[in-house]
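Enquirer: Sequence lines, in order, name chains A and B. Going by the working numbering, 303 is the number at position 303 of the first sequence; the sequence numbering is gapless. Every number in the working numbering is 1000 more than the matching position in the second sequence, counting from 1. Yeah, the Cβ is synthetic: ideal placement off N, Cα and C, and Gly gets one too. What follows is a single structure, and I will ask about it in a moment.
There are 2 protein chains.
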Amino acid sequence: MKFEAVTIKDIAKALGLSTSTVSRALRDSYEISEETKQLVLNYAKEINYRPNPIALSLKEKKSRTIGVVVSEIANSFFSQIINGIESIAHNKGYNVIITQSLESYEREVANMQFLSSRSIDGCLVSVSVETNNYDHILDLHKRGFNIVSFDRIIDPIETHKVKVDNFKGAYDATEHLINSGYKNIAILVSGASLSITKERLAGYQKALDDHNIPFNDKYLKVCSHAGMTYEEVEQAMNELMTMKPKLDAVFSASDKLTTSLVKYCKLKKINIPETIGVIGFSNVDFMELLTPALSVVRQPAFEMGRTATELLLKMIESKRPVTDFENIILHTQLIVRDSSVKKK
Amino acid sequence: MKFEAVTIKDIAKALGLSTSTVSRALRDSYEISEETKQLVLNYAKEINYRPNPIALSLKEKKSRTIGVVVSEIANSFFSQIINGIESIAHNKGYNVIITQSLESYEREVANMQFLSSRSIDGCLVSVSVETNNYDHILDLHKRGFNIVSFDRIIDPIETHKVKVDNFKGAYDATEHLINSGYKNIAILVSGASLSITKERLAGYQKALDDHNIPFNDKYLKVCSHAGMTYEEVEQAMNELMTMKPKLDAVFSASDKLTTSLVKYCKLKKINIPETIGVIGFSNVDFMELLTPALSVVRQPAFEMGRTATELLLKMIESKRPVTDFENIILHTQLIVRDSSVKKK
DNA sequence: TTTATTTACGCAATCGATTTCGTTATATTT
DNA sequence: AAATATAACGAAATCGATTGCGTAAATAAA
């Protein structure tokens, strides 16, 4: 490619000035006379001059680029988050580099490596389901890398964190099932090392406990690949469906799992909400169009992306090292539709 | 942020060499002795030296970054495309900057502006529905900017193009409806200036024609905002439903429209496939889970992203100006499910 | 032994923009 | 009129890496 951009040198040469003067004129320095400023400004506009961001980056040691690590781009929850991230970042003149781990620890490490070698100013991270060693992130963090942990939180890291109230989201969903008359409520969760799994499981257990329903670990199925394949959920459900006493409801604790759960019920022709009641974490808008319309716990994904990005940029642009970290907890929304309410 | 990276200068100082020697040693130059090379290489590995990509970019006038302009990230079709783009780009060490126009011409222009000012090496573009003036793209292209047009093609641009066989996709869908016994088939399309709209409409018309069904333009509804709001589709459908003779099927010619169409039928309790048959372009995996399961025309989105990116990178890395442009046409897939087949 | 050639390296320019430190006029103050 | 201040600009260093050119030392050829 050739695309030769106009540089400050071109302006200087054309106007018989030095590059210093041109630079200062463009930045409205007090050292430059009004006439010269106008001269430069007009000419710059005329030839459509744009400062080279790469040269600026080199000088300022800032790339105005942030990285994002998520498990999957083509997933409603994360694409809504990315939407929120971009809305803030572009607005403030930052680029966003998005990477996906596809729930693979190895790919996540490679992505962090890739990002750190691309001189980004900071990074937003939601870990993969396989990740239970955070060294690839903590090492960078120790070396001064700006990191914000969101959604699937990195517990030991000392930085800003943004997530939803997973405990309450799960509690609400479970309690709703109980109030709808379900008693044998199974739960489908992602890998046990994820923060969201622990918190949502705890919320589920507390809700059972508060309603005097004993927790039965036979009703708990852990999908260690976070439901990346349908088969994983299929197998979990096959096992669940044979449990005795027979389960009468399922709470799926993540977007991906909910999608597969719905597919399972459809394929197996399981009657919802009669045979089993269903509710799950999901940000897929489509869930309302199913028959029966699916009850969901919805997360403010767009807002999560925005908030995490705002915190990251604040950290990046802070003069002194940030030591006071925020731990933001957004609210989930329980949307009751048909899949979790028995017909009268 | 402080994150001070190791530079070539640090290595030079530590080993008592010049930066030139270190640079050449790292690049395995024949001018450097084997011992020195080993010395440098070992030390570089020890302190985890990574070349600063920004400095390299400045020197080589390449940023190893490509831009993407799509209408909406949180849309299955485009997020699958992005997936394909990233899979190729990251593999070859390129960054990807994604922007979305949300179907606004103004935002698209701003995005192109943003990208061109970020010294990217090239750009993948699918235009917004509002776009019928391509100057913001053609101007950059004339100045040597590498651009690949995909999906919603920019007709006048002379460069690589990647799309699907929209004509055939639409033809197949329409013919399938006809073969299923539907006669009064309406079509829902996005803005008339989009290449995909023209091609899909043509396919629809040809299928009608081939089966001796006259084209009735009352059955054609153009959604000039590409279905960005549900209300737009709602209004179009409200109008369609009052037409006489009464329509008995709808073909929706884009992903977004299909989604809203499904919602409309659900809300209005329109019986599918009895009252009206439905088929539409869609890459939402979820469509099979609806009741009735939705028949769709599916596009190879991931492959489209990959192919477009491969062509762009080939163009970027080509020594001489590329003059021989490819016009790739991928195949759509007709997936017949329940929404377009009358029960017996 | 003198000259020619290699080997192995350093100096300095370069990419584009910013910024420190001078420097030259002109203006102001004694 | 001499001294000082100010306004307006330029030269050069800087960011990190690459590379053309120059050169000292070692080796080979004459």
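Let me know the alpha helix (DSSP H) ranges lying completely inside the region 119 to 143 of chain A, each 4 residues or longer, listed in chain order.
Expert: 135 to 142
Enquirer: Output the distance between the C-alpha atoms of B:Pro-1321 and B:Ile-1185, rounded to the nearest integer angstrom.
Expert: 47 Å
Enquirer: Give a yes or no on whether the C-beta atoms belonging to B:Thr-1065 and B:Asn-1042 are separated by under 7 Å.
Expert: no
Enquirer: So which of A:Ser-254, A:Val-164, A:Ile-279 and A:Leu-240 has the shortest CA-CA distance to A:Glu-303?
Expert: A:Val-164
Enquirer: Which residue comes first and which comes last in the beta strand (DSSP E) that contains A:Thr-99?
Expert: Under the DSSP assignment, A:Thr-99 falls in the beta strand (DSSP E) whose first and last residues are 95 to 100.
Enquirer: Does the region 1217 to 1225 of chain B come within contact of the region 1167 to 1181 of chain B, defined as at least 3 CB pairs closer than 8 Å?
Expert: At 8 Å Cβ cutoff, the stretches do not touch.
Enquirer: Which first and last residues belong to the alpha helix (DSSP H) in which A:Phe-251 is found?
Expert: Not the alpha helix (DSSP H): A:Phe-251 falls in the beta strand (DSSP E), residues 249 to 252.
Enquirer: 7 Å is my cut-off, CB to CB: does B:Ser-1190 come that close to chain A?
Expert: no
Enquirer: Can you find the residues in the same chain that come closer than 6 Å, C-beta to C-beta, to B:Pro-1300, ignoring five residues on each side of it along the sequence?
Expert: Leu-1330
Enquirer: When the Cα atoms are used, what is the spatial distance from A:Lys-92 to B:Thr-1036?
Expert: 45 Å
Enquirer: Is A:Gly-84 near A:Leu-177, with beta carbons less than 7 Å apart?
Expert: No. Outside cutoff.
Enquirer: Strictly below 7 Å CB to CB, what residues from chain B border A:Lys-263?
Expert: For A:Lys-263, the residues of chain B that pass the 7 Å Cβ criterion are Leu-1289, in the order they occur in the chain.
Enquirer: Quick one: what's got a C-beta closer than 6 Å to A:Glu-239's C-beta in the same chain, skipping five residues either side?
Expert: none
Enquirer: Kindly confirm or deny that the region 309 to 323 of chain A and the region 119 to 132 of chain A touch, where touching means at least three C-beta pairs closer than 8 Å.
Expert: yes
Enquirer: Taking 7 Å as the threshold (C-beta atoms), are B:Ile-1054 and A:Leu-58 in contact?
Expert: yes
Enquirer: Measuring only the C-alpha atoms, how far is A:Ile-81 from A:Asn-271?
Expert: 33 Å
Enquirer: State the CB to CB distance for the pair B:Ser-1079 and A:Ile-98, rounded to an integer number of angstroms; the pair is presumed to be in contact (CB under 8 Å).
Expert: The pair is not a contact, with the Cβ atoms about 10 Å apart (cut-off 8 Å).
Enquirer: Helix, strand or coil for A:Asn-327, going by three-state DSSP, please let me know.
Expert: It is a strand residue.
Enquirer: Do we get a CB-CB distance below 7 Å when we pair A:Leu-41 with the residues of chain B?
Expert: no
Enquirer: Leaving out the 5 sequence neighbours to the left and right, which residues in its chain are closer than 7 Å to A:Ala-236 when beta-carbon positions are compared?
Expert: Leu-188, Lys-221 and Cys-223
Enquirer: Suppose the cutoff is 6 Å on Cβ atoms and the five residues either side in sequence are ignored; what does the same chain contact list for B:Lys-1343 look like?
Expert: none
Enquirer: According to a CB-to-CB cut-off of less than 8 Å, which residues of the region 117 to 130 of chain A neighbour chain B?
Expert: Ser-117, Arg-118, Ser-119, Asp-121 and Gly-122
Enquirer: Please go through the same chain and pick out, in chain order, the residues whose beta-carbon is closer than 6 Å to the beta-carbon of A:Lys-2, but skip the five residues on each side of it.
Expert: For A:Lys-2, the predicted structure reports a pLDDT of 48, less than 50, and the residue's modelled location is therefore unreliable. A value from the coordinates is still provided. Excluding sequence neighbours, A:Lys-2 sits near nothing in its chain.
Enquirer: Out of curiosity, what's the CA-to-CA distance linking A:Glu-34 and A:Arg-24?
Expert: 12 Å
Enquirer: Could you work out which residues of chain B lie near A:Asn-212, taking near to mean beta carbons separated by less than 9 Å?
Expert: Within 9 Å Cβ-Cβ: nothing; A:Asn-212 doesn't reach chain B, min ~35 Å.
Enquirer: Could you compute how far the alpha carbon of A:His-160 sits from the alpha carbon of A:Gly-67?
Expert: 15 Å
Enquirer: Let's test the definition: count the other Cβ atoms within 10 Å of the Cβ of A:Asp-255 and tell me whether it reaches 16, buried, or not, exposed.
Expert: Under a 10 Å Cβ-count criterion, A:Asp-255 is classified as buried, with 16 or more other Cβ atoms of the shown protein chains found around its own Cβ.
Enquirer: Using the C-alpha atoms, what's the distance from B:Tyr-1204 back to A:Gln-113?
Expert: 49 Å
Enquirer: Of all the CB atoms in chain B, is at least one closer than 7 Å to the CB of A:Leu-58?
Expert: Yes, its Cβ sits closer than 7 Å to a Cβ of chain B.
Enquirer: Indicate whether at least one CB of chain A lies closer than 7 Å to the CB of B:Lys-1266.
Expert: Output row for B:Lys-1266: interface = yes.
Enquirer: Measuring alpha carbon to alpha carbon, tell me which of B:Asn-1283, B:Asn-1216, B:Met-1287 and B:Ile-1328 ends up nearest B:Ser-1076.
Expert: B:Asn-1283
Enquirer: In the DSSP output, which residue or residues are listed as bridge partners for B:Ser-1149?
Expert: B:Val-1125 and B:Lys-1161, per the DSSP bridge assignment.
Enquirer: Using 8 Å for Cβ pairs, my map puts B:Ile-1397 next to B:Val-1162. What's the rounded Cβ distance?
Expert: The question about residue 1397 of chain B has no answer, for chain B in this structure spans 1001 to 1344.
Enquirer: Please report whether the beta-carbon of B:Ser-980 lies at a distance below 7 Å from any beta-carbon of chain A.
Expert: Lying before the first or after the last residue shown, residue 980 of chain B is absent from chain B, which here runs from 1001 to 1344.
Enquirer: Hey, A:Gly-280 and A:Ala-226 are a contact pair by Cβ (cut 8 Å); roughly how many whole angstroms apart?
Expert: Incorrect: roughly 13 Å between the Cβ atoms, too far for contact.
Enquirer: Tell me the DSSP bridge mates of B:Val-1189?
Expert: B:Val-1222
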